[in-house]
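Protein chains: 2
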Amino acid sequence: MSTSLISKHDLLTHWLGHRNLTRRVIEKFPEDQLFTFHVENMRTFADLIKELLSLAVPGLEGIVHQETKPYDHDLPYNTKEALLQAWDEATPQIEKLFLQIPEERFPEDYNLFGQYNFPIIYNILYFIDNEVHHRGQGFVYLRMLGIEPPFFWDREKN
Amino acid sequence: MSTSLISKHDLLTHWLGHRNLTRRVIEKFPEDQLFTFHVENMRTFADLIKELLSLAVPGLEGIVHQETKPYDHDLPYNTKEALLQAWDEATPQIEKLFLQIPEERFPEDYNLFGQYNFPIIYNILYFIDNEVHHRGQGFVYLRMLGIEPPFFWDREKN
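Residue numbers (UniProt numbering), protein chains in the order written: chain A, 1 to 158; chain B, 1 to 158.
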């Protein structure tokens, strides 16, 4: 038998901690800059957040219900409040769906969004890594706007 | 018994895949910009890479040998070639040290660098997350320099 490096519960807690930090980064943006500021050939931070929202819950729904719908990054959120509300509404859905995936399915291949055929654990790690990646970009945007980002290591809920 | 969500070998492979991508980002930087370009109140990408180098092998050495030396981000690499060489020399050390950590130690607390007292699995995830975070910032630097970053999902060795 192999010891579990990380439990399902702890991996979920790890992800939710990252989501707390990402929420804090959204909050730091001035409303207008959130939807307008970007580096050439990059998206606004609002668009990056919409990407994250379009992956997490829909991706988990696909995994849980074994459906393979394509994703849609073009979500109808046009204010910081709407974006934060969508973020907060996703949280309990992520918890619920994640906990419905049986541990034995994590090493099984799943064709995420009908496009990415990898073991479920890698799909989940991709959600987290992709969030960390884009949030790191949000840190740079904040610095460019003269705003100090939150602490990277702070994963507590506000 | 709990099923393992991810094996030790697969977690190592996941990290090494990230390191392949990070190496590709270093390579994309023009030599001078690697050591000079930065956003106000942020470090150069070379300095971010030195931070990563100062955490991974020294951190794993601490975990394996149960020592708690402080880290030192101020590494003596002043050329892209030296930085890439240090990156490549770290890879087999990371592999060797990581594989020396018994699976049963991953849930155990370890006081990383004498400062961060968390289960070893979280120390390892921190190394990976911190690399993804800073590499995401490197993507923005590249875009600001008019250079297209590598594909985020490409984790193959060059």
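Backbone N, C-alpha and C define an ideal beta-carbon position, used for all residues, glycine too.
Runs of the alpha helix (DSSP H) lying entirely within the segment 28-80 of chain A, each at least 4 residues long, are 31-36, 45-65 in chain order. Inside the segment 96-143 of chain B, DSSP marks whole beta strand (DSSP E) runs of 3 or more residues at positions 109-112, 116-119, from first to last along the chain. Neighbours of Phe-106 (chain B) in chain A, taken as residues whose beta carbon is under 9 Å from its own, are Thr-3, Ser-4, Leu-5, Ile-6 in chain order.
Contact between Leu-48 (chain B) and Gln-115 (chain B) is absent: CB atoms are separated by about 19 Å, not below the 8 Å threshold. Across the segment 52-76 of chain A, no CB contact with chain B closer than 8 Å is found for any residue.
Contact annotation, Leu-97 (chain A) with Val-57 (chain A): C-beta distance approximately 7 Å; criterion of less than 8 Å satisfied.
In this structure, Thr-44 (chain A) sits away from Asn-111 (chain A), with a CB-CB distance that is not shorter than 9 Å. By the Cβ-count criterion, Lys-157 (chain B) is exposed, with fewer than 16 other Cβ atoms from all chains shown falling within 10 Å of its own Cβ. Counting C-beta pairs closer than 8 Å gives three or more between the segment 143-156 of chain B and the segment 15-29 of chain B, which meets the contact rule. Listed in chain order, the non-local C-beta contacts of Gln-93 (chain A) below 7 Å within the same chain comprise Val-57, local neighbours out to five positions each way being set aside.
Per DSSP, reduced to three states, the secondary structure at Trp-153 (chain A) is coil, with no helix or strand assignment. Residues of the segment 137-157 of chain B with a C-beta atom less than 7 Å from some C-beta of chain A are Gln-137, Phe-139, Val-140, Arg-143, Met-144, Phe-152, listed in chain order. C-alpha of Asp-10 (chain A) to C-alpha of Asp-109 (chain B): approximately 14 Å in a straight line. Shown here, Gly-17 (chain A) sits in a helix according to DSSP, grouped into three states. Comparing alpha carbon positions, the residue from B:Leu-125, B:Leu-34, B:Trp-15 closest to Met-144 (chain B) is B:Leu-34.
Contact with chain A is found for Asn-41 (chain B), since one of that chain's Cβ atoms lies less than 9 Å from the residue's Cβ.
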